[in-house]
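First up is the structure itself, then whatever we jot down about it.
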Amino acid sequence: MVNIISQAEYKQNWQQVNHNTYYPEASDNTDFINYCPQNFGRGYRRNIKLRGIKLLIVDEEFYDDLCVECDSSQLEQERIIEFGFNLSGSYLGKNGKLSFFDWINQNQTDAKECITVSARKRQLKVDIHLDSQDLINSFISNQTEKIPNSLTFLLEGSSEQNFYENNVVNPEMHLPLEQIINCPFQGITKHIYLEGKCLELIALKLEQLAQYEKSTEKSIVLKKDDIERIHAAKVILIENIHHPPSLIELARQVGLNDYKLKIGFHQVLGTTVFGYLHQQRMELARQLLLESQMSIKNVARAVGYANQGCFAAAFRKRFGVNPKYYRLKS
């Protein structure tokens, strides 16, 4: 069943549960958690106000497919710059995608959108909302030729429509995202730490966009069938995570040549074939540490590491902590 509601109704449902607001620190009213309305699902949204930045951490799961109908003509006359990072699940807009920074120019009073969220799928995401363009402008100064074209158009106001791009979270972004979600600090230390991590993620996103714009000059044209085969390759890697095929064998299984698979995989998913495999192995290791009683040595073996030290180093690089500490902390 699809639950279709307006943006106003959606906000009203969240406002009705505001009495359940929880403050992780009683002395800090800039950091608060709202729990998901029970008629929607379960989970929470944590809002943290930083200098020029509103940080939102979302961890929720809906009972039914949800479609929120948005109308920009009902919003305030402002431009919004937001960087979104989906670690699990997806929020899909028109054309089935949302950008890794979306913006709304409110001169477009006819701009409408329906945001859909799938049922029974964990939605884990981090949003970095800039209060104004001033933060980015303070870094850019007069060096606009050194930033991605899409952001230049946005800041100059020369774009005429919302910007949409694939929301790809690459491996380099996972560590700061995990560090934000599991921030160990309180008080002013927490604010300084989170502000630094937000700026780090913005930098990684801008670099990703710049690299994407460069790569389009060398990218290959992918048909719908090619993209479906690339996603099939992704599934094969997941299903054979313990004994993955070689690149050539994987290409043969999905009916592509190895060059198109290699280039196309990076084009569609934002990482290499075996970069993706490594990412999935580390995620499996994380789940095993949390949900099983396996020793760290056996977890390492389960994800393809014969050497426990090499596994610990790879895990630490990905999640910022050693496997043992991660298990104890969780």
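Each residue of the sequence shown is one higher than the one before, starting from 79 at the first, in my numbering.
In this text, a Cβ means the ideal position worked out from N, Cα and C, and glycines have one as well.
Sufficient close CB pairs (3 or more, under 8 Å) joining the segment 387-406 to the segment 329-346: With a cut-off of 8 Å, the segment 329-346 and the segment 387-406 do not count as touching, because too few Cβ pairs lie within range.
Cβ-based burial, D303 [other Cβ within 10 Å; buried from 16]: exposed
Touch test, the segment 381-390 against the segment 273-289, Cβ-Cβ under 8 Å, three pairs minimum: With the rule of 3 Cβ pairs closer than 8 Å, the segment 381-390 does not count as touching the segment 273-289.
Distance CB(E139)-CB(K199) smaller than 8 Å: yes
Below-8 Å beta-carbon distance, A311 vs any chain B residue: Protein chain content of the structure displayed is limited to a single chain, and chain B is not contained in it.
Distance CB(I308)-CB(V346) smaller than 8 Å: yes
Of the listed residues L144, D143, I111, nearest to L134 (C-alpha basis): Taking the Cα of L134 as reference, the smallest distance to any Cα among L144, D143, I111 is reached at I111.
Same chain only: Cβ atoms within 8 Å of V377, ignoring 5 sequence neighbours per side: A363, L366, L367, S370, F389, P401
Own chain, CB closer than 7 Å to G119, minus 5 neighbours either side, in chain order: Contacts found: E138, E139, F140, Y141.
Helix, strand or coil at E156 [DSSP, three-state]: Residue placement at E156 is flagged as unreliable, the pLDDT there being 49, under the threshold of 50; the coordinate-derived value follows with that caveat. E156 falls in the coil class under three-state DSSP.
Closest by C-alpha distance to L300, when choosing among I270, I258, Q331, H344: H344
Integer Cβ distance of I316 from L328, believed to fall under 8 Å: At roughly 12 Å, the Cβ-Cβ gap does not stay under 8 Å, so I316 and L328 are not in contact.
Same chain only: Cβ atoms within 6 Å of E415, ignoring 5 sequence neighbours per side: Residue 415 is absent from the structure shown; the chain starts at 79 and stops at 408.
E361, DSSP secondary structure in three states: helix
Spatial distance of D209 from E306 (CA atoms): For D209 and E306, the distance between alpha carbons rounds to 39 Å.
Straight-line Cα distance separating C145 from G167: Going from the Cα of G167 to the Cα of C145 covers about 15 Å.
Residues that DSSP places opposite D304 in a beta bridge: Beta-bridge pairing links D304 to no other residue.
Burial state of Q286, where buried means 16 or more other Cβ atoms lie within 10 Å: buried
Limits of the beta strand (DSSP E) - the one that E138 falls within: 131-140
Identity of the residue in T194, N164, H207, L213 nearest Q201 by Cα: Of T194, N164, H207, L213, the residue nearest in Cα terms is N164.
Given H356 as reference, the closest of G342, Y383, L339 once Cα atoms are compared: Y383
Secondary structure of Q201, DSSP reduced to three states: strand
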